[in-house]
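Input: a single structure, listed below in structure tokens.
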Amino acid sequence: MPPRPTPGARPTRRGLLLTGGAGVAAVGAASVGVARARSGGDLADVRGRLRIATGNPGAVFDRYGRALAAEVGRVMPGVASTIVGTGGSFGNLLAVVDGRAEVAFSLGDSAQQAIAGAAPGIAAVDLTALTRLYDSFLQVLVRADSAIDGLADLAGRRVTAGEADSGTRVVATRSLEASGVDVAAVDLVDLSLQDGVARLADGGVDALAFVSGFPIPALVALGRRVPLRALDVGAAVPELVDLWGPQYVVGPLPAGPYGLPASVATVSVKTYLVALPALAEDLAHGFTSVVFDRQEALARAVPDVRQPTAAAGIFTQPVPLHPGSLRWFRERDRSAT
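Here you go:
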């Protein structure tokens, strides 16, 4: 069993800004001259490429990533911005490592595994964060008439818990282990979100687990056709923290969007936008500006996605902030005083 994490003093926003974002990664010949103002005119001067690794079509990473790519094209016309689809967080991280993407959506625990060299198919890698985004939630759904009442009942059942390269798979299997379930006794089926939804609807699987922002449109649509229930998995969190650290907390799963009979507690994990340290500073700075300065347009494109706040966005530990993102946060901090 891994050692229990030792709590430490909580970092402050001012402390992070003064110390360089708690360990900002070094970047080649990064400019440290006069900071650009966060205006469209300055962003229009940026040149380069931003391929964004997102994940499953229809999931929140994908929809939000597409909206971000569109806004990059509007305010940084000199930057070619496209989407790279994968099975989830580990596929996104591998795309960045392999040079197929510059920026990736990643669950916090997936990023930590990649840094530690414990991620599937990824050697230990230096990562930087552009920002912390919304929190993601483990959503475990069954049909309303199912006899399954909790994670313990999934032994011997067919369960779709994301694809092999997804962060969902890790959170789901860790939650099963933390609940005393032998993961080998669960028939885990590799399916995309869309295929998993279809199989839950037609009885091809007994349960669907997915980690994402809330709500997931595909599950909202499913709940309108098929009565659903969500499993309460919040009780797994204390053991998750004991085994793997404080990146897991209890979060709510409201009943309304999916038409559930009751809200439940579940596992919540942080979500980051990450990149390699070699990403050019002006690209990281510009992309961070898009995330925060274009939120009205982003909210129109994906109205059900919770927009991140700059006050929380700087807290990306243990993944260090990229220097370009740190510059954006410092500029915002100065402009607010």
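Throughout the sequence shown, residue numbering follows this note's numbering, covering 1183 to 1519 in sequence.
Where a beta carbon is used, it is the ideal one built from N, C-alpha and C, also for glycine.
Taking Cβ positions, are residue i and residue j nearer each other than 8 Å?
i	j	result
G1269	G1344	yes
A1431	V1415	The amino acid at residue 1431 is misidentified as Ala; the sequence shows Val. Taking 8 Å as the Cβ cut-off, V1431 and V1415 do not qualify as a contacting pair.
L1312	V1456	yes
L1275	A1286	yes
K1452	D1364	no
T1350	V1393	yes
G1441	L1410	yes
V1368	R1339	yes
A1400	Q1376	yes
S1357	L1422	yes
R1314	R1282	no
L1250	V1473	yes
R1476	E1253	yes
V1484	R1245	yes
V1278	G1468	no
F1396	Q1321	yes
F1319	G1240	no
A1389	I1330	yes
I1398	V1501	no
A1437	L1404	no
Applying the 10 Å Cβ sphere with the 16-neighbour rule, what's the burial state of residue i?
i	result
V1214	Here V1214 scores only 32 on pLDDT, less than 50, and its place in the model is too uncertain to base an answer on.
A1235	buried
R1514	buried
V1470	It is Thr, not Val, that sits at residue 1470 in the sequence shown. Buried.
A1207	With a pLDDT of only 46 at A1207, under 50, the local geometry of the prediction cannot be trusted, and the value read off the model is given with reservation. So A1207 ends up on the buried side.
G1210	Low per-residue confidence applies at G1210: pLDDT is 36, beneath 50, and the placement is therefore not dependable enough to give any value.
A1462	buried
D1308	exposed
R1516	exposed
E1478	exposed
S1445	exposed
S1507	buried
V1216	In this predicted model, V1216 has a pLDDT of only 32, less than 50, meaning its place in the structure is not dependable; the value taken from the coordinates is given anyway. When all chains shown are included, V1216 counts as exposed.
P1428	exposed
D1347	buried
G1495	buried
A1301	buried
L1503	buried
D1291	buried
P1505	buried
R1407	exposed
A1360	buried
D1464	buried
R1231	exposed
A1306	exposed
T1491	exposed
R1218	With a pLDDT of 41 at R1218, under the threshold of 50, the modelled position of that residue is not reliable, and no figure is offered here.
L1336	buried
G1247	buried
R1482	exposed
Identify the residues that DSSP records as bridge partners of residue i: which are they?
i	result
F1392	Q1321
Y1454	S1288, R1314
V1449	V1432
A1262	R1231
Between which two residues does the beta strand (DSSP E) carrying residue i extend?
i	result
G1230	1230–1235
R1339	Where R1339 is concerned, there is no enclosing beta strand (DSSP E), given that its DSSP letter is neither H nor E.
State the start and end residues of the unbroken alpha helix (DSSP H) segment that holds residue i.
i	result
G1332	Taken as a continuous stretch (DSSP letters only), G1332 belongs to no alpha helix (DSSP H), as it is neither H nor E.
V1501	From DSSP, V1501 is part of no alpha helix (DSSP H); its letter is neither H nor E.
S1507	1505–1517
E1528	Here the chain comprises residues numbered 1183 to 1519, so residue 1528 is not present and cannot be evaluated.
A1493	1492–1495
Report the residue ranges of all beta strand (DSSP E) runs contained in full by the region 1267–1329; include only those spanning at least 3 residues, in chain order. 1285–1289, 1310–1314, 1318–1325
Give, in chain order, every unbroken run of the alpha helix (DSSP H) that is at least 4 residues long and sits entirely within the region 1357–1445. 1375–1384, 1399–1407, 1419–1426
Entirely enclosed alpha helix (DSSP H) segments - the region 1461–1487, minimum 4 residues: 1463–1475, 1477–1483
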